[in-house]
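Visitor: Quick one: the structure is below, and I'll ask about it shortly.
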């Protein structure tokens, strides 16, 4: 009986500590304007199912960032709509599938840069890779 109680105690402690780690984790998403100039201002609108982050008009080099705690079920999804001149695109900027490619630590960083030729993603500005073209 004591052995069963001890095993149950160990399993419960593990579950509680795992939940605490997940609850403490934070994600920070950066969306950076990497366009060549401000002749045609860019507009972005980011949201999730629960949070509308509003419209932003970042200047060249400008960084719109937001942070959140991912859901325990791994269902967190944030997307951004982009407008630049006659170009339009919608990009999922955080998903369960993208999260392993963000930086690791107490805060995970997901970096997006939108440029003239498309959308780049990585765990840091030095490690971004092209993911998508503009969808006109």
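Numbering (the numbering used here), first residue to last: 2 to 137.
Beta carbons are placed, not taken as given, at the ideal position from N, Cα and C, and that holds for glycine.
The structure displayed is predicted, hence computed values, not measured ones.
#1: In the DSSP assignment, the beta strand (DSSP E) including residue 93 goes from what residue to what residue?
#2: Of the residues 54, 27, 84, which one's Cα is nearest the Cα of residue 42?
#3: Using 8 angstroms as the Cβ pair cut-off and three pairs as the minimum, do the region 26 to 45 and the region 101 to 111 touch?
#4: Cα separation between residue 130 and residue 94?
#5: Looking only at C-alpha atoms, which of 136, 81, 70, 48 sits nearest to residue 117?
#6: Enumerate in chain order the residues of its own chain whose CB-to-CB distance from residue 68 is below 7 angstroms, with the five nearest sequence positions on each side excluded.
#7: Among the candidates 62, 87, 88, 120, whose CA atom is the shortest distance from the CA of residue 80?
#8: In this structure, what does DSSP give as the bridge partners for residue 129?
Guide: So, to answer that:
#1: 88 to 95
#2: 84
#3: yes
#4: 14 angstroms
#5: The candidate whose alpha carbon is nearest that of residue 117 is 136.
#6: 27, 28, 29
#7: 120
#8: The bridge partners DSSP lists for residue 129 come to none.
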